[in-house]
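Read the structure below first, then the notes.
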Amino acid sequence: MNPYAAYQLERPFATSRIDLLLALYDGAIDRLENAIQLLQAGDVHGARTRLTWCQLMIAELAAGVRLDVVPDIGENVLRLYEFVSYQLSQCEIAGLTGALKVLEHLREGFEAIRAESIEMERTGKIPGIDSLHAVSKIA
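When the sequence shown is numbered by the working numbering, its final residue is 392 and no position is left out of the sequence of numbers.
Following this line, the structure appears as C-alpha cells:
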C-alpha cells in the first residue's frame with residue numbers, strides 16, 4: 254500500500270457532507286444579512302460585493318442538486334435557488350429579505366436531518382465526503 258492510501262485509511266473523519274452543506278448555507282445567509290444591513294446604511298457597493306459572494310454560494314448549492322435521485326424535490330429546490338438568485342441580482346431590500354427567508358427555511362430543513370445524514374454517511378448508506386475524491390483524482 255502506498256503512503257497516501259495508508260494515510261487515507263488512518264486519518265480521522267474530518268467532516269460530513271451535511272456539515273459542509275450547512276456551512277455553505279451559513280455563509281450565504283451571513284453575507285445576505287450583511288448585504289441587507291449595508292443597503293440600509295446606503296452602501297450599495299459593499300452590498301453588491303456581499304451579494305456576489307452569496308450568488309456564488311447559491312450557484313454551488315444549485316450545482317449539488319441531483320435531479321436523478323428525487324426529481325420532484327430537486328426541481329423544487331432548484332426553483333427556490335432560482336428565486337433567490339433573481340432577488341440577489343435585483344439588490345432591493347424587500348426582495349433580499351424574501352430570499353433570506355427562503356435560505357433560512359431550506360437550512361432549517363437540512364439541519365433537521367443532520368443527525369440522520371451523519372449516521373447514513375457513517376454506515377455507508379450514502380457516500381462520505383472522502384469517497385468523492387474530487388481533489389485527489391485531479392491532483
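Glycine residues also receive a C-beta, built at the ideal position from the N, C-alpha and C atoms.
Going by beta-carbon coordinates alone, are residue i and residue j separated by less than 8 Å?
i: arginine 289; j: leucine 333; result: Reading the sequence as shown, one finds isoleucine at residue 289 and not arginine. The answer is no: Cβ separation not under 8 Å.
i: valine 322; j: valine 330; result: no
i: isoleucine 382; j: methionine 373; result: no
i: tyrosine 278; j: phenylalanine 363; result: yes
i: leucine 285; j: cysteine 344; result: no
i: leucine 275; j: arginine 360; result: yes
What's the C-alpha gap between residue i and residue j?
i: leucine 349; j: serine 342; result: 9 Å
i: glutamine 293; j: alanine 281; result: 18 Å
i: arginine 270; j: isoleucine 371; result: 8 Å
i: aspartate 283; j: tyrosine 339; result: 18 Å
i: alanine 315; j: threonine 376; result: 26 Å
Residue i lies in the alpha helix (DSSP H); which residues open and close that run?
i: threonine 344; result: The identity of residue 344 in the sequence shown is cysteine, whereas the question assumes threonine. It is not in any alpha helix (DSSP H) - cysteine 344 carries neither H nor E in the DSSP assignment.
i: glycine 280; result: 270-293
Out of the options, which has the shortest C-alpha to C-alpha gap to residue i?
i: glycine 295; options: Leu273, Arg375 and Ile346; result: Ile346
With a floor of 3 residues, list each beta strand (DSSP E) that falls wholly inside the stretch 296-321, ordered by position along the chain. none
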